[in-house]
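In this note's numbering, each residue carries its 1-based index in the sequence shown increased by 10. Let me begin by presenting the structure, written as structure tokens, before commenting on it.
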Amino acid sequence: MRILVAGIGNIFLGDDGFGPEVVRRVPADTPGTRVVDYGIRGMHLAYDLLDGWDALVLVDAVPGAGEPGAVRVFEADTAVRGPVGLDAHGMDPAAVFASLAALGGQAPPTVVVGCQVAAVEEGLGLSPAVAAAVGPAVDAVLRTVRRLHAEAQPAGAAVAGDEG
11 MRILVAGIGN IFLGDDGFGP EVVRRVPADT PGTRVVDYGI RGMHLAYDLL DGWDALVLVD
71 AVPGAGEPGA VRVFEADTAV RGPVGLDAHG MDPAAVFASL AALGGQAPPT VVVGCQVAAV
131 EEGLGLSPAV AAAVGPAVDA VLRTVRRLHA EAQPAGAAVA GDEG
């Protein structure tokens, strides 16, 4: 199974830089997984998704996840609603999935590891609450990757990284 872990967000907008900060700390040698900081390059992510990934883990700042710093893991709705087209500046998941559809692709099953932001305003660095959520979010990404690999394995087969 091939899993793409994609950090998305703008590091120049405070807590919106959560996704890139988390993926910087996810081990690059995680088996069967490619870890990429896409920042605000939604079109780049859409093109990379044409490579036939089995699953996508998006790491992003999300609204409505509770108190600032609250980490939430959920399945993304990858259905494209509305017009399908290329959006060179769109970074939210819906825009990425619409661009992917316009390119003739289809999003793989997608899990979001999201964090409720405290502030998305001009400036570098995460708020204290969101910075404290980075470690738990890395753990959530790794648990999600292990779960996706385990679900893809036949019953009784060893999962990469669980040998010891």
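Just so it is clear, CB atoms sit at the ideal spot from N, CA and C, and this is done for glycine as well.
Classified as exposed, Glu161 has fewer than 16 neighbouring CB atoms from the shown chains inside 10 Å of its CB. Per DSSP, the unbroken beta strand (DSSP E) holding Asp47 starts and ends at 43–49. His159 and Met53 do not touch by the CB rule: their CB atoms are close to 28 Å apart, not below 8 Å.
Contact between Pro78 and Ala128 holds: their C-beta atoms lie close to 4 Å from each other, under 8 Å. Contact between Val140 and Val67 is absent: CB atoms are separated by about 19 Å, not below the 8 Å threshold. Taking the Cα positions, Leu59 is about 7 Å away from Leu110. One Cα belongs to Asp87, the other to Ala108, and the distance between them is close to 12 Å. When DSSP states are grouped into helix, strand and coil, Ala86 belongs to the coil group.
The three-state reading of DSSP puts Asp64 in coil, since its state is none of H, G, I, E or B.
In the assembly as shown, Asp25 is a buried residue. Its beta-carbon has 16 or more other beta-carbons within 10 Å. In the structure shown, Gly29 falls within a helical segment according to DSSP collapsed to helix, strand and coil. Counting along the chain, no alpha helix (DSSP H) covers Thr40, and no H or E run does either. Excluding five sequence positions before and after Glu31, the CB atoms of its chain that fall closer than 7 Å to its own CB belong to Leu136, Val144, given in chain order.
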